[in-house]
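See below for the structure under consideration.
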Amino acid sequence: MRVLVVDDLPSFRRAVAGVIAVADGFVLAGEAVSGEEALDFIEDEAVGMVLMDVNMPGMGGLEAARRIRCRHPDITVVLLSVNNTEDLPRDAMVMGAHYRHKDRFGPDELEALWSDGGRVNS
Amino acid sequence: MERRGARELLAGLRGHEIIEIGAPEWERLRTYIQADLAGVLVAVGWLIVLRLLVVDDAWLVVIVSLLLVMAAFLVRAVQLIHRFRRFAAVVVFALANWIVAVAVTSMVPFALSTLALAVLLPVLVAVQHMNHARLAAMLGATMLVGTALVVVGTVHGGVGLEDQVPPGVTHALAIAFIPFITILVSLAAWQNHGMLVARTEALQESRARLVAAADRERCQIERNLHEGAQRRLLAAAEQTREAWLRLDTDPAQVAPLLARLSDDLQEASAELRGLAHGIYPPQLGQYGLETALRAVAQHAPLPTTVRAFGIGRYPPEIEINIYFCLLEALRNASRHAGDGATVTITLQDRNGLSFDFRDTGAGCFPDAIHQGTGMINMTDRLGAIGGTLTIDTRPGGGMRLHGHLPRAVLESAGVRRAAEERGGAVRAALEAIWYVVARLYTDLQRSTHPHPHQYIATGLWAILGVALGAGTVSVAMFPGARVPWLPALAAGCATVALLIVLALRVVRRDRIERAIGISAGITWCYALALTAMIPSALPYATLVTVSPVLLSVAYLPRRRFKVIMGCTIATAVAITLAGRFLPGVGFERNAPGWVVSATVIVLVVLGLTRASYLAWHNHVMLVARAEALQESRGRLVAAADRERRQIERDLHDGAQQRLVAAAVQSRVAQRLLATQPADVSPLLAQLSEDLREAGAELRDLAHGIYPPQLAESGLEAALRAAVRHSPLPAEIHADGIGRYPPEIEINVYFCLLEALQNAGKHAGEHATVTIDLRDQDGLSFDFRDTGDGASPDLLRSGHGITNMYDRLGAIGGTLTIDTGRGAGLHLHGVIPNAAAPVAGDGKT
Numbered sequence: 001m002r003v004l005v006v007d008d009l010p011s012f013r014r015a016v017a018g019v020i021a022v023a024d025g026f027v028l029a030g031e032a033v034s035g036e037e038a039l040d041f042i043e044d045e046a047v048g049m050v051l052m053d054v055n056m057p058g059m060g061g062l063e064a065a066r067r068i069r070c071r072h073p074d075i076t077v078v079l080l081s082v083n084n085t086e087d088l089p090r091d092a093m094v095m096g097a098h099y100r101h102k103d104r105f106g107p108d109e110l111e112a113l114w115s116d117g118g119r120v121n122s
Numbered sequence: 123m124e125r126r127g128a129r130e131l132l133a134g135l136r137g138h139e140i141i142e143i144g145a146p147e148w149e150r151l152r153t154y155i156q157a158d159l160a161g162v163l164v165a166v167g168w169l170i171v172l173r174l175l176v177v178d179d180a181w182l183v184v185i186v187s188l189l190l191v192m193a194a195f196l197v198r199a200v201q202l203i204h205r206f207r208r209f210a211a212v213v214v215f216a217l218a219n220w221i222v223a224v225a226v227t228s229m230v231p232f233a234l235s236t237l238a239l240a241v242l243l244p245v246l247v248a249v250q251h252m253n254h255a256r257l258a259a260m261l262g263a264t265m266l267v268g269t270a271l272v273v274v275g276t277v278h279g280g281v282g283l284e285d286q287v288p289p290g291v292t293h294a295l296a297i298a299f300i301p302f303i304t305i306l307v308s309l310a311a312w313q314n315h316g317m318l319v320a321r322t323e324a325l326q327e328s329r330a331r332l333v334a335a336a337d338r339e340r341c342q343i344e345r346n347l348h349e350g351a352q353r354r355l356l357a358a359a360e361q362t363r364e365a366w367l368r369l370d371t372d373p374a375q376v377a378p379l380l381a382r383l384s385d386d387l388q389e390a391s392a393e394l395r396g397l398a399h400g401i402y403p404p405q406l407g408q409y410g411l412e413t414a415l416r417a418v419a420q421h422a423p424l425p426t427t428v429r430a431f432g433i434g435r436y437p438p439e440i441e442i443n444i445y446f447c448l449l450e451a452l453r454n455a456s457r458h459a460g461d462g463a464t465v466t467i468t469l470q471d472r473n474g475l476s477f478d479f480r481d482t483g484a485g486c487f488p489d490a491i492h493q494g495t496g497m498i499n500m501t502d503r504l505g506a507i508g509g510t511l512t513i514d515t516r517p518g519g520g521m522r523l524h525g526h527l528p529r530a531v532l533e534s535a536g537v538r539r540a541a542e543e544r545g546g547a548v549r550a551a552l553e554a555i556w557y558v559v560a561r562l563y564t565d566l567q568r569s570t571h572p573h574p575h576q577y578i579a580t581g582l583w584a585i586l587g588v589a590l591g592a593g594t595v596s597v598a599m600f601p602g603a604r605v606p607w608l609p610a611l612a613a614g615c616a617t618v619a620l621l622i623v624l625a626l627r628v629v630r631r632d633r634i635e636r637a638i639g640i641s642a643g644i645t646w647c648y649a650l651a652l653t654a655m656i657p658s659a660l661p662y663a664t665l666v667t668v669s670p671v672l673l674s675v676a677y678l679p680r681r682r683f684k685v686i687m688g689c690t691i692a693t694a695v696a697i698t699l700a701g702r703f704l705p706g707v708g709f710e711r712n713a714p715g716w717v718v719s720a721t722v723i724v725l726v727v728l729g730l731t732r733a734s735y736l737a738w739h740n741h742v743m744l745v746a747r748a749e750a751l752q753e754s755r756g757r758l759v760a761a762a763d764r765e766r767r768q769i770e771r772d773l774h775d776g777a778q779q780r781l782v783a784a785a786v787q788s789r790v791a792q793r794l795l796a797t798q799p800a801d802v803s804p805l806l807a808q809l810s811e812d813l814r815e816a817g818a819e820l821r822d823l824a825h826g827i828y829p830p831q832l833a834e835s836g837l838e839a840a841l842r843a844a845v846r847h848s849p850l851p852a853e854i855h856a857d858g859i860g861r862y863p864p865e866i867e868i869n870v871y872f873c874l875l876e877a878l879q880n881a882g883k884h885a886g887e888h889a890t891v892t893i894d895l896r897d898q899d900g901l902s903f904d905f906r907d908t909g910d911g912a913s914p915d916l917l918r919s920g921h922g923i924t925n926m927y928d929r930l931g932a933i934g935g936t937l938t939i940d941t942g943r944g945a946g947l948h949l950h951g952v953i954p955n956a957a958a959p960v961a962g963d964g965k966t
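If you read the sequences in order, they're chains H and P. Take the first sequence: its letter number 90 is residue 90 in this note's numbering, and every next letter is one higher. Take the second sequence: its letter number 479 is residue 601 in this note's numbering, and every next letter is one higher.
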């Protein structure tokens, strides 16, 4: 599966790229530093999954996720955050997106997302 | 539980203490309304007795019912205070007084002399409760109602009730009520006087407390970072290195090491996040107050409900201060409210932003509130952004906190709300009336910002005018009327005029206190003489009598103010007796009716204008004196909050992200160990390096928050360390410098750091800096650079210098700046020995 990594911080993009490299069946499709850039990327390239930070300058991860789900319902969107999901405002939750904690993210969790078809929500 | 009906009414009448730390204004407002209510009830009792024993007239019943309606209004006003609707309470109080005053005067014109002052009372009470616009509207209304009152009282003959009542009864009523209302007016002036002093002092203390709290916080953050995240990062780097070393020698041990590393990193990240969250919750910046509070409510130890009505986004300084206020309240509640208590937080944006925090816990005695620092912190925080906090609690009755940020504060902070206040047009009209009156009055004084001497002179000129006018009239009338009183009156007037001319000369030259004393004496003698000669001028005389006490509000010390108050009340009694019992010179009998009416109307309106203008002036003084301090306090709090936000961002974008990435990398390493062991070594080397860098970054950050040398070795060592990183060569002379209280050391340190940074930015490349620290009756410093200097105007407009002023001001010090183009910059700061008055209580 081709994965797009979206985060404004290079250190985390590098770490996630490492995870994708070692996890079975995943290929890094590209990296983007903002929601806007991610949307442009998806228009041009085929992507199966988007791993995206919630807090980014510009439109932010939640808005970008909403637009991706709207235009490309077939893409799995995984939102990564250092905060707990329940601390997000209720109306900000995006339908159909998955939420994962950055602290616990790793190859195991990425593969679990795939094997469950992304149905398990944290 | 909500009380209903009669019980609520009784509870409202009895009242329990409402606490507003630093400014117990609600309590005072309620006292006035209750005193007014008592007066009304006494009047009702009197009239009922009159109706039963002496006069059987239906009009008496009408008056009694009117007074009862007024009493109901006043009870309503007290209730409004309990619901924290101060403005509404003042309006209800004023309307009750005004409507009844006009109605009663139209029925029994003799009440005019009592009620002229009653019309003025609400605005005097309102002086400290209203903003400029509202007070102006209220003064406009006072002028209108006062004019209506005197016109109704002199032109309309009444319903003939006075003829049926024995004169003793009306005498007694006047003798009791005129001094009573004079006492209320004097008390209102006394409290305005107290507020003028108390507010400045309270602001100074609150500013010092806020700065001390911010500095303690910095110190705490530095300690937490140093002992927590920083150590964990170094340990993790060490662990990674160990795993890397063992790759070749003992590969079997590497997998468990890596597993532990990833757990440790996850824990460290959570800890750091907790710390950053405590400094500034990220939800607050991203989603606003409501979401941040909901997140807090979810983790609170007590079941907490958050309700929000019409809440939008506000400038960060408002959001963060309200947030921390409520956080503190929640902490207090979970500590003291007891198990089984629940908390409800209501946020509302209506005529300003307000919050209501209620718990169903144990409550406490009001005294306990004054002792704790929690409530004082909250009051300081809210006060710094222009809001107020009111606390309402009783043992067993839970705790209720009400915070309010007026609409005007939101608007000046750039928040726009579409909701229009009701009655805007009426208010604007009343405001316009007041501004016209004020313009006329100031034109008369020939100055818009008159010195108190000017007020006194204006008052004396007015009396001189009346005396000369009366003298001229009596001389002119003498040939026709042949009344022997007239020449005597003319002679009296001439004497008064002469005295005033003499007094005017003294007043212009002498000290303000003596000037006020002289003018007060003349004013009272004039009031007494006028009433003795023309008894129908009594309503004007009552207004004249209170004007010295209103004038004194801003200028006299407490002891002298009490003397003025005492004399005012004595004069009120004297003029009432004179007005009721002396026959006068026969002006009323001899002059045509319309002349008497016109004279009384003109005089009363004149007196009312002067009294209203003095009230307005007191309001302006009250606001102006506090303004500079208020602004300085607001800036300090805003700076501290900006700093918190910056620290949180630095932590979030720096160390925390590195930790998260490291945790993910460690899992990648674990996986690689199983599948491609050859690739693990470079990854671990990189990881170890990353963690070391993150540790160093965190150390620098902590150092910037609070330099550890400052607490350990004092000002000199910390400054020497700071100078090493400075781009300009700097020398420090610090002979005989010891240790000082921490709040002095940190403020002087940051002040000089700011100066050093400024010099680095603006002084030019070749400049050098000298810092001299000395201990002479306290700590003083001189900061000199050999740079380009700057024009004083430019300096004043910059943030850096204002920060320094605020910081030093908060610890009781002063800063002097000496600079010019090309002359370098010289800062001289002094912190006297007795400075930092609240340093002691700030530590609890």
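For glycine and all other residues, C-beta sits at the position ideal for the given N, C-alpha and C. These numbers come from a predicted model, not from an experiment.
Give me the residue from A654(P), T322(P) and L295(P) with the minimum Cα distance to V171(P). Per the Cα distances, L295(P).
DSSP three-state call for Y154(P): helix, strand or coil? Helix, per DSSP.
Tell me, please, whether the CB atom of Q1015(P) is closer than 8 Å to any CB atom in chain H? Examination of residue 1015(P) is not possible in this model, given that chain P is present from 123 through 966 alone.
Given a threshold of 16 other Cβ atoms within 10 Å of its Cβ, counted over all protein chains shown, does F487(P) qualify as buried or as exposed? Looking at its Cβ environment, which holds fewer than 16 other Cβ atoms inside 10 Å, F487(P) is exposed.
Taking the beta carbon of E441(P) as the centre, do at least 16 other beta carbons fall within 10 Å, making it buried, or is it exposed? Here E441(P) is buried, its C-beta having at least 16 other C-beta atoms within 10 Å.
Per the contact definition of three or more C-beta pairs closer than 8 Å, is the stretch 51-59 of chain H in contact with the stretch 72-82 of chain H? Taking one beta carbon from each stretch, the stretch 72-82 of chain H and the stretch 51-59 of chain H have 3 or more pairs nearer than 8 Å; the two touch.
Should Q420(P) be labelled buried (16 or more other beta-carbon atoms within 10 Å of its own) or exposed? Label assigned to Q420(P): exposed.
Collapsed DSSP secondary structure at T924(P) in the structure displayed: If DSSP states are grouped into helix, strand and coil, T924(P) belongs with the helices.
Would you say S476(P) faces chain H, with C-beta separation under 8 Å as the test? It does not: the Cβ of S476(P) has no partner Cβ on chain H nearer than 8 Å.
Among the residues of its own chain, which have a CB less than 8 Å from the CB of L383(P), if the five just before and after it don't count? For L383(P), same chain residues with a beta-carbon under 8 Å away, outside a window of 5 residues either side, are A358, Q361, T362, A365 and S788 in chain order.
Compare the Cα-Cα distances from F232(P) to each of V281(P), L809(P) and T468(P) and report the closest residue. Relative to the Cα of F232(P), the nearest Cα in the group V281(P), L809(P) and T468(P) belongs to V281(P).
Just curious, the beta strand (DSSP E) that T427(P) is in, first and last residue? For T427(P), the enclosing beta strand (DSSP E) starts and ends at T426 to F431.
What do you get for Q778(P), buried or exposed, if any count of 16 or more other CB atoms within 10 angstroms of its CB means buried? Classification for Q778(P): buried.
Just to check my reading of the structure: I555(P) and G262(P) have Cβ atoms closer than 8 Å, yes? What is that Cβ distance to the nearest angstrom? Taking the Cβ atoms as the reference, I555(P) lies roughly 4 Å from G262(P), within the contact range of under 8 Å.
For S754(P), which beta-bridge partners are listed by DSSP? Paired residues: none, contrary to the question.
What residue does the beta strand (DSSP E) around H948(P) start on, and which one ends it? Segment L947 to P954, the beta strand (DSSP E) holding H948(P).
Measuring alpha carbon to alpha carbon, tell me which residue in I622(P), A833(P), H847(P) and G776(P) is nearest E815(P). Of the residues I622(P), A833(P), H847(P) and G776(P), the one whose Cα lies closest to the Cα of E815(P) is G776(P).
When you check each C-beta in the stretch 875-900 of chain P against every C-beta of chain C, which residues fall closer than 7 Å? The question asks about chain C, but that chain is absent: this structure's protein chains are H and P.
Got a sec? Which residues, its chain only, sit under 6 Å from T693(P) by beta carbon, not counting five neighbours each side? Cβ within range, chain order: W646 and T667.
Return the bridge partner residues of G30(H) from the DSSP annotation. Bridge pairing for G30(H): L4(H) [DSSP].
Spell out whether any CB of chain P is found under 8 Å from the CB atom of A15(H). Yes, A15(H) counts as interfacial toward chain P.
Helix, strand or coil: which one does DSSP assign to D857(P)? Coil, per DSSP.
Cβ neighbour criterion (16 or more within 10 Å) applied to C873(P): It is buried - the Cβ of C873(P) has at least 16 other Cβ atoms within 10 Å.
Pop quiz: V726(P) and L665(P) are said to be a contact at Cβ under 8 Å. What is the actual Cβ separation, rounded to whole angstroms? Sure, about 7 Å apart at Cβ, within 8 Å.
Members of the stretch 1-32 of chain H that neighbour chain P once the beta carbon cut-off is set at 8 Å: Cβ contacts with chain P: L9, S11, F12, R14, A15, V16, G18, V19, A21, V22 and A23.
Which of helix, strand or coil does DSSP assign to T482(P)? Coil at T482(P), not helix or strand.
What first and last residue would you give for the alpha helix (DSSP H) that runs through I221(P)? According to the DSSP assignment, I221(P) belongs to the alpha helix (DSSP H) that extends over R208 to M229.
So, I859(P) versus L832(P), is the Cβ gap smaller than 8 Å? With a cutoff of 8 Å on beta-carbon distance, I859(P) and L832(P) are scored as not near each other.
For V249(P), three-class secondary structure by DSSP: Coil at V249(P), not helix or strand.
So which residues on chain P does M107(H) lean against when the C-beta distance must stay under 7 Å? First, the amino acid is wrong: residue 107(H) is Pro here, not Met. Contact note: P107(H) reaches chain P through R789, V790 and R793, using a C-beta cutoff of 7 Å and chain order.
Close beta carbons around A958(P), own chain, < 7 Å, minus the five adjacent residues each side: Only weak support exists for where A958(P) lies, its pLDDT of 45 falling under 50; the value from the coordinates is given anyway. Within the same chain, A958(P) has close Cβ partners A330, P863, E865, I866, I933 and G934.
A258(P): which of R929(P), I769(P), H741(P) and R503(P) sits nearest, CA to CA? Ranking the options by Cα distance to A258(P), first place goes to H741(P).
Would you mind working out which of T653(P), R793(P), A579(P) and Q286(P) sits nearest D108(H), comparing C-alpha positions? Of T653(P), R793(P), A579(P) and Q286(P), the residue nearest in Cα terms is R793(P).
Excluding sequence positions up to five away, which residues of its chain have a Cβ less than 8 Å from the Cβ of A551(P)? Excluding positions up to five away in sequence, the list reads G262.
Under the three-state DSSP convention, the category L474(P) falls into: This sequence places Gly at residue 474(P); Leu is not what is there. Strand.
Going by DSSP, name the residue or residues bridged to H524(P). Answer is D478(P) and T512(P), bridged to H524(P).
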